Amino acid sequence: MRSGFPAPFPGFQLMSNSFDPMRPLTRRRFVTSLGAGACLSALPHKAQASTRASTGLLPLTPSNAWDLKVSRTHISLDGKSMHAPNIGGTVPGPILRWKQGETVTLNVSNALNETTSIHWHGIRVPSNMDGVPGLSFAGIPPGKTFSYRFRLHQSGTYWYHSHSNMQEAMGLYGAIVIDPIRPDPNACDRDYVIFLGEWTDVMPHDIVSNLKMQDDYYVFRQRTAASFPKEARDAGGAMAALKDRLAWSRMNMAATDIADVSGAIYTYTLNGNAPDMNWNGLFRPGERVRLRFINGATMTLFDVRIPGLEMLVVQADGNDVEPVPVDEFRIGVAETYDVIVQPKEDRAYTIFAQSEDRTGFARGTLAPRPGMSGLIPPMDPRPVRTMVDMGMGNMKPGESMDHMAMPGMDHGSDMKNMPGMDMSHMDMSHMGHMSMPKMEIDDPGPPPISVENQNVAMMPIDRTNSPGDGLENNGRRVLNYGQLRATRPGADRRPPSREIILHLTGNMDRYIWGFNGRKFSESGPIRLKKGERVRFTLINDTMMEHPIHLHGLWSELENGQGDYRPYKHTIISQPGSRMSYLVTADIPGMWAYHCHLLYHMDLGMFRTVVVS
Amino acid sequence: MKAAWAATMLLAGTGMAYAEDTTQYHAADAPVPGAVTHLGNIMPVMMDQSSWFHGILEQAEGRYAPAGTDFRWDGEVWYGTDYDRLWIKSEGTLEKGHLSDGQQDILYSRAISTYWNLQGGVRVDLDDGPTRTWGAFGIQGLALYQFEFQATGYVSDRGRFGARVEGSYDFLLTNRLILQPQAEFNLYTKSDPARQAGAGLSDIDAGLRLRYELWRKFAPYVGVTYSGHLTQARRIVRDQGEKPGSVRFSLGIRSWF
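Here you go:
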């Protein structure tokens with residue numbers, strides 16, 4: 089079935105040679121299930137193979153040698169066609185299954201007419217293997233092959249993607265699964281990768297250009313005259329609703345600013361399948377099924393649930409955590425969560441991943457037999473930002489207006505005495521039993537209101553125990569960061585000797601993003617000494633979530649779990665929040681550090697971290 | 109380098125305490141001349157210094173009157189980065205084959221704050237009337253409550269002064285049906301009868317337009333517009349035997365790229 093692949097993939101060959109009667113999605117099934125989308129089957133052979141998307145099935149055995157060919161393929165999904173860069177002719181690309189402790193060799197050949205690269209997201213590699221042009225290497229020129237080679241120290245679910253010229257936004261990505269050396273504590277009967285993403289036929293450059301001209305270009309859920317009666321009902325009166333509107337309007341911001349790019353152009357995908365293609369994952373009732381969720385989207389945070397099934401979260405960003413039973417979780421761009429479900433009934437269950445702004449959803453089905461569909465729940469109401477998101481702590485809109493009226497935001501030294509600025513969140517219980525060395529602090533101070541910064545979070549609060557905007561008090565058990573507890577204590581017990589405070593800043597109106605009120609091109613590198621133990625503290629002055637990814641080094645989230653803080657590679661900074669994580673600078677080199685909303689990254693929310 | 113870091117201490121048991129008011133702020137990512145943030149000339153991000161190119165025709169409309177329909181346009185194009193842009197603004201009215209109110213500006217625009225740009229350059233009054241050339245300097249941006257605003261001061265080649273003030277606001281009736289009040293005022297220090305300009309508040313062009321955004325970039329609209337001369341200009345226009353002002357029903361298309 090996999091003969092359409094142009095390059096040999098050892099893992100895939102093994103899979104294709106095997107026969108599994110429970111395979112969820114044969115090619116014939118796929119083609120016949122297209123229905124109205126039958127045009128796909130009329131495409132040339134390779135394109136047809138490519139649109140088959142992914143079964144989510146792992147190669148049967150790990151392999152440590154891979155030939156990966158980057159090329160462009162005409163792919164059409166949900167009526168949207170793109171000549172998309174990809175690996176092996178599919179979006180997502182092949183699932184790479186590796187084995188912890190082994191050394192893998194990845195020969196990436198570039199058949200594009202532009203430079204490409206592959207970054208192994210979350211994998212601890214020497215910096216020259218990290219795949220970021222300009223930091224790790226020069227990129228892979230057209231027609232050339234680059235051999236990545238590194239030893240795998242870790243296990244778990246990860247992913248890979250291009251770090252060149254928005255190729256990732258168009259489809260150059262795929263999943264990585266690394267088998268642990270030691271027996272997996274979470275052995276399951278079945279194992280599926282659930283790769284969430286978006287698909288559009290609008291070119292990344294055009295999307296950004298549109299946002300530069302009109303920041304709410306893709307938002308069709310603004311507050312309007314027509315929506316006022318409902319707001320008045322929700323707010324408990326027309327005056328309250330009007331006051332709230334005026335407060336936002338006065339700030340030249342919109343409470344409805346949830347996602348910059350929406351379902352207006354995106355089709356949300358699950359393993360490369362549009363919702364109506366209904367990806368199927370099979371199970372026998374009573375089996376334990378492991379689902380490896382990866383958010384490979386460009387700009388979309390997903391809220392994931394499987395109505396009728398409890399999900400046991402057992403891994404976050406590739407690292408095992410104490411199991412947390414939940415009904416729902418939010419997955420930021422580039423994060424991964426492994427969950428275990430145990431469907432007991434002989435029926436179909438819908439995997440439902442709605443975009444944070446509720447303009448669409450990715451969907452698939454866990455089913456005892458191929459082709460079944462479960463009920464698709466309605467989407468939740470779209471979140472509305474509040475003064476908490478503006479960094480106003482828990483003030484009411486009316487109160488906040490006085491503060492917003494402060495011209496130029498005189499945030500001198502008084503700021504430090506404000507209750508929201510104290511450091512009580514900083515896991516002092518954990519630090520209490522240690523000696524207290526002097527700590528150097530790189531505190532940039534509140535970023536000035538400027539061309540590149542629209543807002544200062546006056547009272548940023550700890551939101552690690554909040555599941556996020558739109559998920560609070562929704563009647564379901566929703567995962568929050570405070571619940572993530574590693575299964576083993578952290579490897580580096582040293583307290584940090586230095587704290588680096590960074591403000592996440594931006595100007596939505598001009599569509600500019602950065603740290604500390606500056607874009608990448610206007611900033612210096614963040615220098616770490618090799619071996620240094622550093623606390624990164626993020627203060628989010630914007631009103632949006634930013635999934636912040638540090639390449640090469642672990643980000644140990646200080647979420648109140650003491651020595652059992654979870655190791656992550658990507659951490660969502662919630663709007664109006666202050667949070668921190670510890671980093672051990674144990675691998676030298678130049679590392680990328682950025683928001684993983686790709687358009688934020690490419691417009692300046694990016695820094696170089698130099699470890700030397 | 110250490111000396112530059114904030115002098116801040118962690119005190120056991122009492123939580124974080126900043127050193128007195130002597131705290132020196134220092135950003136870990138502060139720009140350092142010559143510091144290497146990338147290899148050679150390969151930028152790890154591509155778009156943060158990009159230039160962008162857009163143009164918008166806010167008004168392209170027929171203003172209906174039994175005696176003949178006028179055509180009015182008002183728009184601009186710009187090219188540049190986040191900070192530095194070149195703007196070309198153009199407006200004019202065509203009535204019975206006669207082109208009037210043709211103001212064309214070429215401006216350099218510099219972003220100076222979150223919502224405001226400073227603009228300076230040249231304005232040329234280019235239509236069927238006598239041509240005038242002006243130096244231009246003004247501001248453009250978003251006032252509070254999302255109110256679009258432009259104010260430009262002019263000094264002419266003949267040593268006269270003028271000013272133009274424009275504002276508009278979008279009321280969202282629905283996400284695609286938008287009601288926009290808009291007004292433009294022109295002021296001069298001295299009269300210029302050949303261009304029907306009077307000293308003081310000379311003329312006004314205002315409209316209330318209801319557009320429907322079929323696409324973001326393409327919105328047909330209907331509106332009521334008023335174009336008229338005021339105070340001294342009103343007398344000048346009357347003396348020339350023309351009507352000093354009129355309310356018109358208008359149909360047009362707002363579009364941009």
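Just so you know, the sequences run in chain order W and D.
First residue of the first sequence? That's 89 in my numbering, and the numbers climb one at a time after it.
First residue of the second sequence? That's 109 in my numbering, and the numbers climb one at a time after it.
We put the beta carbon where it would ideally sit given N, CA and C, even for glycine.
If you're wondering where the values come from, they're calculated on a predicted model, not measured in any experiment.
Cross-chain neighbours of residue i in chain D, by beta carbon under 8 angstroms
i	result
W:A680	P152
W:Q255	Result: empty, since nearest Cβ-Cβ is about 11 angstroms, beyond 8 angstroms.
W:I614	A136, D137
W:G692	V153, D156
Under 7 angstroms from the C-beta of residue i: neighbouring residues of chain W
i	result
D:L281	T312, A313, A314
D:Q157	S609
D:G162	Correcting the residue type first, residue 162 of chain D is His in the shown sequence and not Gly. Here the neighbours are M301.
CA nearest to the CA of residue i, picked from the options
i	options	result
W:H634	W:G369, W:Q649, W:Q242, W:Q662	W:Q662
W:V179	W:T149, W:G262, W:L223, W:S169	W:G262
D:G142	W:S609, W:D629, W:S643	W:S609
W:I394	W:Y248, W:R565, W:K617, W:T204	W:R565
D:F161	D:N149, D:D192, D:Y296	D:D192
D:Q258	D:E292, D:D278, D:F279	D:E292
W:K607	W:D166, W:F694, W:N562, W:F417	W:F694
W:A257	W:D550, W:N359, W:A385, W:S585	W:A385
W:K623	W:R581, W:V472, W:W601	Reading off the sequence shown, one finds Arg at residue 623 of chain W, where the question assumed Lys. The shortest C-alpha separation from W:R623 is found at W:R581.
W:H574	W:G222, W:V307, W:V412	Note on residue identity: the sequence assigns Ala, not His, to residue 574 of chain W. Among W:G222, W:V307, W:V412, the Cα nearest to that of W:A574 is on W:V412.
W:D426	W:G648, W:L567, W:Y652, W:D364	W:L567
D:V273	D:G261, D:Y172, D:G353	D:G261
W:S708	W:D303, W:L330, W:T204, W:Y306	The structure shown does not extend to residue 708 of chain W, since chain W is modelled only from 89 to 700, so the question has no answer here.
W:R239	W:M217, W:G222, W:T245	W:M217
D:S217	D:Q248, D:P238, D:E199, D:E203	D:Q248
W:G210	W:H591, W:L200, W:L641, W:N253	W:L641
Listed by chain order, chain D residues near residue i by CB distance under 7 angstroms
i	result
W:E610	P139
W:M689	V153
DSSP bridge partner residues for residue i (one or two, in chain order)
i	result
W:P413	W:L400
W:P458	According to DSSP, which records beta bridges pairwise, W:P458 is partnered with nothing at all.
D:L445	Residue 445 of chain D is absent from the structure shown; chain D starts at 109 and stops at 365.
W:G262	W:Y248
W:A441	W:V392, W:A450
W:P238	Residue identity check: residue 238 of chain W is Phe in the sequence provided, not Pro. Paired residues: W:V192.
Proximal residues of chain D, C-beta to C-beta of residue i below 9 angstroms
i	result
W:L590	A135, A136, D137
DSSP state of residue i mapped onto helix, strand, coil
i	result
D:D236	coil
D:P328	strand
D:A302	helix
W:H688	helix
W:M170	strand
W:L463	coil
W:A574	strand
W:G650	helix
D:T339	helix
W:A329	helix
D:M117	Bear in mind that the predicted position of D:M117 carries a pLDDT of just 33, short of 50, making it unreliable; the figure below should be weighed with that in mind. Looking at D:M117 - three-state DSSP - the assignment turns out to be strand.
W:W336	helix
D:R356	strand
D:D129	Any answer about D:D129 is weak, because its pLDDT of 44 lies below 50 and its placement is not dependable; what the coordinates show is given next. Coil at D:D129, not helix or strand.
D:H191	A quick correction: the sequence has Tyr, not His, at residue 191 of chain D. In this structure, D:Y191 counts as coil in the three-state DSSP scheme.
W:T139	Because W:T139 sits at a pLDDT of 44, beneath the cut-off of 50, its placement in the model cannot be relied upon, and the following sentence gives the value as read from the coordinates. In the structure shown, W:T139 sits in a helix (DSSP, three-state: H, G or I).
D:Q157	coil
W:Q255	helix
W:Y569	helix
Contacts that residue i makes with chain W (C-beta to C-beta distance below 8 angstroms)
i	result
D:W195	Residues of chain W passing the Cβ test: none, with the nearest at roughly 13 angstroms.
D:A219	V539, R598
D:R324	N298, Q302, Y305
D:Y223	N340, D597
* **Residues, ordered as in the chain, of the stretch 217-236 of chain W that lie near chain D by beta-carbon distance below 9 angstroms** => For the stretch 217-236 of chain W, which is checked against every Cβ of chain D, the residues closer than 9 angstroms are V220, P221, G222, L223, S224, F225, A226, G227.
* What residues in the stretch 526-556 of chain W bring their beta carbon closer than 8 angstroms to a beta carbon of chain D? -> K526, M527, E528, I529, D530, D531, P532, G533, I537, S538, V539, E540, N541, Q542
* Asked: If contact means a Cβ-Cβ distance below 9 angstroms, which residues of the stretch 635-660 of chain W contact chain D?
  -> none
* Asked: Taking Cβ-Cβ distances below 7 angstroms as the criterion, which residues of the stretch 337-362 of chain W are in contact with chain D?
  -> S337, R338, N340
* Interface residues of the stretch 138-167 of chain W facing chain D [CB-CB below 8 angstroms] -> none
* Between the stretch 228-256 of chain D and chain W, which residues of the former have a C-beta closer than 7 angstroms to a C-beta of the latter? -> L250, L252, Y253, Q254
* Asked: the stretch 258-282 of chain W: which residues have C-beta closer than 9 angstroms to a C-beta of chain D, in chain order?
  -> Within the stretch 258-282 of chain W, no residue has its Cβ closer than 9 angstroms to any Cβ of chain D.
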